[in-house]
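First residue of the sequence shown: 41, per the numbering used here; consecutive thereafter.
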Amino acid sequence: MPGLPGLKIEGKDAQITSRSVPAITCAASSVVVKGLKLISLGAQGCIYVPRSGSISVQDCDIRAPASSGIFMEGGKLQASNSQISMCGEYGILANTGSRAVCQSVHIKNNMKTGVLSRGKGASLTLNNSYLESNGANGAGCDEGGSLVLSGSKILSNQLVGINVGAHSSGNADSCEVRSNGSFGFAANGGDITISNSTIQDSGKLGIFIQGTAQAPDPKVECNRTVISQSKLHGIFLQGSGTLIGSKNEISDNGQSGVAVMGGKVGLSSSHINNNKVDGVHVGKDSSGKCGMADVSECTVTNNRRFGISAMGQGTSCTLKAVEILLSGLGTAGETAPQGQDAGHGIVVLKGAVVRASGCLISNNGRHGVLVDGTGEGGKPSVLRLQSSKVLNNAGSGAVSAEGSTFRVSSSEIEGNAEGDIQGPYIQESNIPLFIAAAVVLAAGFYTYKKFKK
41 MPGLPGLKIE
51 GKDAQITSRS
61 VPAITCAASS
71 VVVKGLKLIS
81 LGAQGCIYVP
91 RSGSISVQDC
101 DIRAPASSGI
111 FMEGGKLQAS
121 NSQISMCGEY
131 GILANTGSRA
141 VCQSVHIKNN
151 MKTGVLSRGK
161 GASLTLNNSY
171 LESNGANGAG
181 CDEGGSLVLS
191 GSKILSNQLV
201 GINVGAHSSG
211 NADSCEVRSN
221 GSFGFAANGG
231 DITISNSTIQ
241 DSGKLGIFIQ
251 GTAQAPDPKV
261 ECNRTVISQS
271 KLHGIFLQGS
281 GTLIGSKNEI
291 SDNGQSGVAV
301 MGGKVGLSSS
311 HINNNKVDGV
321 HVGKDSSGKC
331 GMADVSECTV
341 TNNRRFGISA
351 MGQGTSCTLK
361 AVEILLSGLG
371 TAGETAPQGQ
381 DAGHGIVVLK
391 GAVVRASGCL
401 ISNNGRHGVL
411 VDGTGEGGKP
421 SVLRLQSSKV
431 LNNAGSGAVS
441 AEGSTFRVSS
451 SEIEGNAEGD
461 IQGPYIQESN
471 IPLFIAAAVV
481 LAAGFYTYKK
491 FKK
């Protein structure tokens with residue numbers, strides 16, 4: 041359609057079928073296509089939009105069994121109230137410099153990703169749309185592309201609901217991301233902002249974050265979002281990357297609510313409940329990269345194994361005004377599997393460091409806190425407990441093994457069924473440090489029934 045700006049093609053259930061070339065090639069500006077069923081058997085897309093073209097697609101049914109539904113190489117697209125399905129490649133492929141805006145489109149049952157923004161300057165925006173049952177991802181962007189979704193449903197795609205690759209950015213607001221085969225969201229070197237959304241029933245992980253050689257520190261911001269019923273973890277960081285989130289609910293996931301195996305997580309004002317393993321787990325990935333977590337003003341309740349766990353030298357966790365309750369009791373009050381060490385509120389192992397201030401650690405199925413073991417070179421596991429309450433736990437309030445370091449100040453530890461403190465500790469408030477150290481050295485391993493300071 042070169043040389044025909046403003047052309048309008050309209051039909052009522054009319055069909056255009058092309059066997060070898062696109063059903064429509066739009067190289068002109070302001071072209072409108074409305075009310076058509078478009079089928080192309082060729083390899084260049086059902087609708088082809090080069091750099092010079094701009095097209096509005098309204099109330100159309102688009103199919104391309106051997107290629108993409110809409111193939112863009114720098115042009116502009118507006119699509120509304122249309123369906124793109126049963127394409128041999130992508131529903132929409134927007135390459136470098138392309139700009140596409142879709143409203144109320146249904147993109148389903150395509151062999152590859154539903155919509156993909158690829159290359160510098162490529163952008164895709166979808167409002168109130170469905171991306172469903174596609175053979176790869178629901179939506180994606182990579183190689184510098186960008187993707188914005190609002191009020192949309194991303195359902196039952198074979199791999200990832202929304203995938204963001206290196207040097208790319210994605211934004212999802214008020215979306216439902218459900219029943220995708222592997223991950224709800226994946227930040228594979230790219231940055232994602234998620235808000236007011238639900239991520240449910242992911243085949244593996246709700247949110248997956250991992251750096252690449254080209255983009256080692258992807259950043260995800262997630263606020264006011266429900267992440268639940270993932271088969272494995274709700275949020276998982278591997279090796280590197282950063283997640284910052286507030287006012288989220290992370291619950292009922294098959295393993296931990298949050299697992300930080302490298303990279304850094306910062307969570308505030310969130311609920312982390314009813315997960316089958318830990319509420320928050322901080323550890324190392326297989327290459328030895330260490331995780332870090334900063335958790336503040338959150339409730340961590342009724343997680344099946346531990347509330348908070350940190351394991352491995354170089355890993356660390358800071359807790360501020362966190363409530364850690366009912367660990368090890370299970371969602372229906374069942375106990376952990378026989379022989380499994382579970383039910384502790386906070387666990388610090390293998391040289392990890394945890395700092396907790398202003399926390400409530402109460403009514404857990406075993407000990408309130410457990411500090412044990414050393415890391416490489418004999419460095420101790422360390423827990424610093426300040427201005428906190430450790431109350432009414434079914435085991436001891438605190439257990440610290442020889443070789444670990446438990447420092448406590450201005451805290452209340454009482455009412456625990458098996459004693460309040462077992463093992464050496466250093467009291468840092470109102471007793472000079474050298475005296476506390478001398479008491480530890482002289483007494484060795486001992487039990488105090490009540491400690492309140």
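Think of the CB as a built atom: it goes at the ideal place given N, C-alpha and C, for glycine as much as any other residue.
Straight-line measurement puts the Cα of Ser286 at about 20 Å from the Cα of Ser209. Residue pairing from DSSP places Pro420 in a beta bridge opposite Thr414.
Here the alpha carbon of Asn236 sits roughly 28 Å from the alpha carbon of Leu400.
If you draw a straight line from the Cα of Gly463 to the Cα of Phe346, it is about 20 Å long. Separation of the CB atoms of Asn228 and Val204 is rounded to 7 Å, and the pair is thereby assigned contact status at 8 Å. In the DSSP annotation of this structure, Ser450 is not part of any beta strand (DSSP E), being labelled neither H nor E. With fewer than 16 other Cβ atoms from the protein chains shown falling within 10 Å of its own Cβ, Gly328 counts as exposed. A residue is called buried once 16 or more other Cβ atoms fall within 10 Å of its Cβ, and Thr57, having fewer, is exposed. Annotated as distal: Asn211 and Gly191, with beta-carbon spacing of 9 Å or more. Between the alpha carbons of Ala382 and Gly368 lies a distance of about 6 Å. Taking Ala54 as the centre and dropping the five residues before and after it, the same chain places the C-beta of Gly75, Leu76 and Lys77 closer than 8 Å to its C-beta, in chain order.
Under DSSP, Arg395 shares a beta bridge with Thr358 and Arg424. Taking Gly398 as the centre and dropping the five residues before and after it, the same chain places the C-beta of Lys360, Ala361, Ser427 and Ser428 closer than 7 Å to its C-beta, in chain order. Exclusion of the five residues before and after Arg139 leaves Lys116 and Ser163 as the residues of its chain whose Cβ lies within less than 6 Å of its Cβ. Closest by C-alpha distance to Leu156, out of Glu129, Lys244, Val439 and Val266, is Glu129. Straight across, the Cα-Cα distance linking Cys66 with Ser94 is about 7 Å. Taking the Cβ atoms as the reference, Gln250 lies roughly 5 Å from Gln278, within the contact range of under 8 Å. Under the three-state reduction of DSSP output, Gly115 falls in the coil class, being neither helix nor strand.
Between the C-alpha atoms of Lys160 and Glu113 there is a straight-line separation of about 12 Å. Straight through space, the alpha carbons of Thr414 and Pro105 are spaced by roughly 60 Å. Per the coordinates, the alpha-carbon of Lys419 lies some 34 Å from the alpha-carbon of Gly246. No Cβ-Cβ contact shorter than 9 Å links Ser436 with Val411.
Taking a contact as a CB-CB distance under 8 Å, the pair Asn315 and Ser349 does not count as one, their CB atoms being some 12 Å apart. In the three-state scheme derived from DSSP, where H, G and I count as helix and E and B as strand, Phe346 is classed as coil. Per DSSP, the continuous beta strand (DSSP E) segment holding Asp101 begins and ends at Asp101 to Arg103.
Assigned with DSSP and collapsed to three states, Thr265 falls in coil, not helix or strand. One Cα belongs to Ile147, the other to Asn288, and the distance between them is close to 29 Å.
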